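Take a look at the structure set out below.
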Amino acid sequence: MIIKNNIFENIPGELPDELFAEIASGSKFIMKRILSRGHHSPDGFWYDQDENEWVILLQGSAGLRFAGREELVVLHPGDYVLIPRHSRHRVEWTDPDQDTIWLAIFYK
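Residue numbering for the sequence shown is 512 to 619, as defined by the numbering used here.
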């Protein structure tokens, strides 16, 4: 069965927390749409994932910080990053004035 969707639709008016939605998955990957609106990682929190993550920013902007690196990685539409497993990272900020839409693929 073919189901058509649009990555830029079905965005809630209120977004108190980041919204993660699974788009597709298989035995070795999961693809998610992530919606942010001024969200960031909690103070002192670092992601440390068992999977590799490839993420592309489709709309908005965001700043990622990686442990051990001084410079902030700023993403704009079309920018993507490959985050190897167990690379400690955090979201420092996302655009507070518009939706930031990410597409992330997690894989082993």
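Glycine included, each C-beta is placed from N, C-alpha and C at the ideal position. Predicted model, so just to flag it, every value in this text is computed and none were measured.
| query | result |
| --- | --- |
| Every unbroken beta strand (DSSP E) inside the region 516-546 [3 residues or more] | 530-536 |
| Buried/exposed call for F519, threshold 16 Cβ in 10 Å | exposed |
| Run of the beta strand (DSSP E) containing F556, from where it starts to where it stops | Per DSSP, F556 belongs to no beta strand (DSSP E) and is neither H nor E. |
| Identity of the residue in Q560, P527, N517 nearest H597 by Cα | Q560 |
| Alpha carbon of Q609 to alpha carbon of K515, nearest angstrom | 25 Å |
| Residue environment, H587, which counts as buried when at least 16 other CB atoms sit within 10 Å | exposed |
| Assigned secondary structure, L586 (DSSP; H/G/I helix, E/B strand, else coil) | strand |
| Endpoints, beta strand (DSSP E) assigned at Q570 | 563-570 |
| DSSP-derived helix/strand/coil call for R580 | coil |
| Straight-line gap, I541 to F577 (C-alpha atoms, nearest Å) | 22 Å |
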